[in-house]
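There are 2 protein chains.
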Amino acid sequence: MFDELLPTLPCETDAQVNLKASALNHRDLFITQGLYAGIKIPCVLGSDGAGEWNGQRVLIYPALEWGSSPNHQGKHFRVLGMPEHGTFAEQITIPKANIYAMPEHLSWEEGAALPLAGLTAWRTLMSRCQLQPGEKVFITGIGGGVALMAMQFALASGAEVWVSSGNAQKIEQAKALGAAGGVSYRESDWDKQLKQQSGSGFDVIIDSAGGDGFALFPGLCNPGARIGFYGGTLGKVNGLSLQPIFWKQISLLGSTMGSPTEFAEMLKFVEKHQIRPVVDCMFPLSQGNAAFDHMETGGQFGKIVLQNTL
Amino acid sequence: MFDELLPTLPCETDAQVNLKASALNHRDLFITQGLYAGIKIPCVLGSDGAGEWNGQRVLIYPALEWGSSPNHQGKHFRVLGMPEHGTFAEQITIPKANIYAMPEHLSWEEGAALPLAGLTAWRTLMSRCQLQPGEKVFITGIGGGVALMAMQFALASGAEVWVSSGNAQKIEQAKALGAAGGVSYRESDWDKQLKQQSGSGFDVIIDSAGGDGFALFPGLCNPGARIGFYGGTLGKVNGLSLQPIFWKQISLLGSTMGSPTEFAEMLKFVEKHQIRPVVDCMFPLSQGNAAFDHMETGGQFGKIVLQNTL
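Residue numbers (the numbering used here), protein chains in the order written: chain A, -12 to 297; chain B, -12 to 297.
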């Protein structure tokens, strides 16, 4: 049975990367909890990986077979790490096309924190919401890996960023990174507080919670605003009024992952602006279960990284 | 008091158009019912007008001061016909910038049926949803003026069009105009029937109803689909799941009216494809109240036109 966990032999178009670090995503946790479609086991999890290949420091594009359209993934698209073996390993065999030079200013841990969160944030904020310099952005659930990358990309683009969190300390941490301010979504009038504090509406809102709070977003929007979302952990949206959406010409834009082209654009932007992904904490790969336990508490601010200490 | 109903004297940048026909929009009905924001009376209603100016057959762009952004109307934008006097009249004084040559193949009545409905449909379908030839389109509530214009534009673009209505006869009328088929939204499994009949998903959905049926749209969508909406007469949307929206990279795009640039594009397209707006019936201007009564029944298929018979 454990033979299935061994990497397949690489062919000419494959690379065998010696992994130095990887990072957890909620997807990994959902799979261990059985909360993901089409789970096949045994399988090495992990979508994010930084390592060495051919004497170079490389990052791995965290998916396979995006497909031919820039607008959406194709039928054969898979996120790396289930069904294919992923990056929670010492080595990975991966198509050479998935290998990209790692921005030089990043440590192994920062590099490993970047791929899936950075790609998801990039596509949502840049490709889908078409963020413009000087715009005002509201990002919910700050502390999550994608939300933080979206904040860093928006700030580097010259946007003004406001955040929300259920944890006052995370709002302070976001402000230390450049956010203009934030509100607690645990307060029933958070939208009014945000409107009052920020002084005007928003051009872009980035969310992964959904739920009934989502229905308040159009009221926070400026004309022509874009609401980008890549998750819906709080469930279905109720009470969504279409009137402010069509009258203000608002766009609600679903987004998931991103294409290899977007991955390359994102890496170039990270290099240009010397962006360092926020790492919450690190565990040795051998203590992966402790890393999962830490993710389950939800207290992290940034990515949880696994280090290969061999 | 009635002095207020007289047109103001035209200045150099104004045109005085001798109106030959006008058309009703639901906006006019909502204003007579007190169901519109910022109602000021007395006021001549009417946004759609066709007439003669300077020896030319002209159509009137049905709004004032769109503003400088192509993405949304500006702060001073107004739809024609409240607060400014509108087109249910024999003459109108209007900025010359609002005057466009009427496509030659149109009668006065067809011309009057075009401006507001055509503009709204054009922006929703073309500017917002970026319809591509060969795509598959689903248009709800066929029979409404905007829905019919969207269908005619989509068909002329080489799209396959499916429709819904609460009235079987309207579906047959839509098929006679080129629709591939349709379903009754009064049947509880209309979405399954539509899926089965049409054989695959949709690339574009055009809606003005909203309500709980809206939450079924993402399930009908192909990856990369766009859902454009310009109304929400059935009220708020409940039970909207974000998962299919972000996984399929779907865009939900609110749209209202359109810019002068879009109006000119729309007229050019109508001329090129020799499109004739569907006129449900005509009333003399002097029997305007009967026209409103007819609109209230909801039985119409196409625009209700008022003729100047003087």
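Note that CB positions come from ideal geometry on N, CA and C, so glycine has one too.
Extent of the continuous beta strand (DSSP E) run through residue i
i      : result
B:E147 : E147 to S152
B:P205 : Counting along the chain, B:P205 falls outside any beta strand (DSSP E), though it belongs to the alpha helix (DSSP H) covering F204 to L207.
A:F125 : K123 to I126
B:G82  : Reading off the sequence shown, one finds Pro at residue 82 of chain B, where the question assumed Gly. Element bounds for B:P82: Q78 to P82.
B:S171 : G168 to S171
B:L11  : Unbroken run through B:L11: none, as it is neither H nor E.
B:Q294 : K290 to Q294
Cα-Cα separation between residue i and residue j, rounded to whole angstroms
i        : j      : result
B:P271   : B:N295 : 6 Å
A:Y217   : B:L221 : 28 Å
B:R14    : B:Y48  : 16 Å
A:Q261   : B:H59  : 35 Å
A:V150   : A:E174 : 14 Å
B:G311   : B:K162 : For residue 311 of chain B there is no data in the structure shown, the boundaries of chain B being -12 and 297.
A:V66    : A:Y172 : 31 Å
B:D178   : B:G206 : 9 Å
A:V4     : A:L51  : 16 Å
A:A251   : B:D1   : 54 Å
A:G364   : B:N41  : No answer is possible for residue 364 of chain A: the residues shown for chain A start at -12 and end at 297.
A:K62    : B:N209 : 11 Å
B:E258   : A:Q117 : 34 Å
A:L142   : B:S94  : 55 Å
B:P247   : A:Y87  : 46 Å
B:L164   : B:K255 : 21 Å
A:H72    : A:D267 : 25 Å
B:I214   : A:G200 : 21 Å
A:M(-12) : A:M69  : Low local confidence applies: a pLDDT of 40 at A:M(-12) is under 50, so the model's placement there is unreliable, and no value is given.
B:L203   : A:L32  : 33 Å
A:D176   : A:F125 : 16 Å
B:P57    : A:K123 : 19 Å
B:Q180   : A:G128 : 39 Å
A:Q43    : A:N85  : 14 Å
B:G132   : B:T107 : 10 Å
B:F233   : B:A212 : 11 Å
A:L103   : B:K223 : 35 Å
A:G168   : A:N12  : 26 Å
A:I79    : B:Q236 : 29 Å
A:I28    : A:T19  : 10 Å
A:G219   : B:A8   : 50 Å
A:W53    : A:F64  : 5 Å
A:E253   : A:L101 : Per the sequence presented here, residue 253 of chain A reads as Met, with Glu not at that position. Answer to the nearest angstrom: the Cα atoms are 10 Å apart.
B:L147   : B:A155 : The question names Leu, but residue 147 of chain B is Glu in the sequence shown. Rounded to whole angstroms, B:E147 to B:A155 spans 20 Å at the Cα level.
A:S152   : A:Q184 : 15 Å
A:G286   : A:P90  : 28 Å
B:S238   : B:E97  : 33 Å
A:S228   : A:G197 : 15 Å
B:V265   : B:K157 : 12 Å
B:E(-1)  : B:E77  : 21 Å
A:D35    : B:M244 : 45 Å
Limits of the alpha helix (DSSP H) - the one that residue i falls within
i      : result
B:F201 : First-last for B:F201: undefined, no H or E at that position.
B:D190 : Premise fails: B:D190 lies in the beta strand (DSSP E), F189 to D194, not in any alpha helix (DSSP H).
A:T107 : P102 to W109
B:G132 : G132 to A143
A:I158 : A155 to A163
A:S185 : W177 to S185
Would the region 277 to 286 of chain B and the region 105 to 116 of chain B be scored as touching if the rule is three or more Cβ pairs under 8 Å?
-> no
Residue ranges of each beta strand (DSSP E) within the region 205 to 280 of chain B, 3 or longer | 208 to 216, 238 to 241 and 266 to 271
So does the region 189 to 196 of chain A actually touch the region 129 to 138 of chain A, counting three or more Cβ pairs closer than 8 Å?
-> yes
Give a yes or no on contact between the region 16 to 25 of chain B and the region 284 to 293 of chain B, applying the rule of three or more CB pairs nearer than 8 Å.
-> no
Which residues, in order along the region 117 to 139 of chain B, keep a beta-carbon less than 9 Å from a beta-carbon of chain A?
-> none
Within the region 19 to 97 of chain A, note down every full beta strand (DSSP E) run reaching 3 residues or more, in order along the chain.
-> 35 to 40, 43 to 47, 78 to 82 and 86 to 88
Which of the residues in the region 220 to 249 of chain B, read from start to end, lie with their CB under 9 Å from any CB of chain A?
-> G222, K223, V224, N225, G226, L227, S228, L229, Q230, P231, I232, F233, W234, K235, Q236, I237, S238, L239, L240, G241, S242 and T243
Can you list, in chain order, the residues of the region 157 to 177 of chain A whose Cβ is nearer than 9 Å to any Cβ on chain B?
-> none
Could you please tell me which residues of the region 193 to 212 of chain B, in chain order, have their CB closer than 7 Å to any CB of chain A?
-> G197, P210 and G211
The region 75 to 102 of chain B: positions lying closer than 9 Å to chain A by Cβ | none
Within 7 Å of chain A by C-beta, residues of the region 41 to 58 of chain B in sequence order | S56 and N58
What residues in the region 20 to 39 of chain B have a beta carbon less than 8 Å from any beta carbon of chain A?
-> none
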